[in-house]
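Okay, structure first, notes after.
Numbering (this note's numbering), first residue to last: 26 to 337.
Here it is in structure tokens:
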């Protein structure tokens, strides 16, 4: 038998219906951002090691082909051509064993933020005159905005909407091609292949070292915030939190400078001469030559269509 006094629930200092605040503080937000970055990096590296179509090609072929495709797309103004090429990127993503949702998320996460700011004014007749589709406001004759003369009505135009759609789709297609390159190529191999298009080795080395050591410093920053979170009982005043963040930023800067000097000294003592070396040699295979020729021919076809030299 259990005594009655053991069955009684003692009321603590907090009301039983009290719940923790759902709002994240800056420590939790920073840790969430760090973990998301590391998860994306691991996912990208895992995809680049899969046995897919683009993973099997020489990285130099992929780099040159995608650069040629981006140049051709920048000259293309036909909507149907952009739609067709964009659909091809989905096909290559599927053949390369890339999840379509992951692929779409990587592409369209940035486009509404950056491209939308640019193309949004284009749909209005104030900036892009054309045939009115929807009238938004009637300003009357002689309306001005400072020294600028405004039209009698503010409306969305057909020409502006088409131009905005073409611009957005062009950016989406170019970004999709770039995402395919990054998801199907290991970073160290990709950086080495940059030398094939004449990128100076000092820039290649800088990119490679930044990518390698950013994970080390992210892990260090994560340890800062984890230790602070484990020792925090309640939130500090805003000024104290800002002082803590400023101190961690300064310490990270000092640590990075010190580590940079030590790493460079260690590399020089081991014979480093500025060249990027990895344990993988590039060897072109017949399928690589076929893929390169096909990509260049396709890019040339897009340019000819854009210049109205070929009509389809």
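Idealized CB from N, CA, C, for every residue including glycine.
Under 8 Å between C-beta atoms of residue i and residue j
i           : j           : result
residue 324 : residue 93  : yes
residue 206 : residue 72  : no
residue 242 : residue 273 : no
residue 194 : residue 111 : yes
residue 164 : residue 180 : no
residue 85  : residue 240 : no
residue 209 : residue 87  : yes
residue 198 : residue 114 : yes
residue 322 : residue 101 : no
residue 124 : residue 155 : no
residue 75  : residue 122 : yes
residue 196 : residue 142 : no
residue 178 : residue 148 : no
residue 326 : residue 89  : no
residue 117 : residue 79  : yes
residue 280 : residue 245 : yes
residue 153 : residue 188 : yes
residue 313 : residue 82  : yes
residue 104 : residue 222 : no
residue 168 : residue 175 : yes
Residue i - DSSP class collapsed to helix/strand/coil
i           : result
residue 190 : helix
residue 260 : coil
residue 70  : helix
residue 80  : helix
residue 26  : At residue 26, the pLDDT of 49 sits below 50, so the modelled position is not reliable; the number obtained from the coordinates is stated separately. Coil, per DSSP.
residue 334 : coil
residue 253 : helix
residue 175 : coil
residue 210 : coil
residue 328 : helix
residue 75  : coil
N-terminal and C-terminal residue of the beta strand (DSSP E) that residue i is part of
i           : result
residue 179 : 178-182
Segment limits, alpha helix (DSSP H) that includes residue i
i           : result
residue 220 : Run containing residue 220: none; DSSP gives neither H nor E here.
residue 87  : 84-99
Heavy atom of the ligand SAH within 7 Å of residue i beta-carbon
i           : result
residue 244 : The model on display carries no ligand, and the ligand SAH is accordingly not part of it.
Contact with chain D by residue i, beta-carbon distance below 8 Å
i           : result
residue 126 : In summary, chain D is missing from the structure at hand, where a single protein chain is found.
Check: Taking only runs of the alpha helix (DSSP H) that begin and end inside the stretch 262-323, which ones reach a length of at least 4 residues, in chain order?
Finding: 263-294
Next item on the list: May I have a chain-ordered list of the alpha helix (DSSP H) segments no shorter than 4 residues that lie completely inside the stretch 105-173?
Entry: 125-133, 136-144
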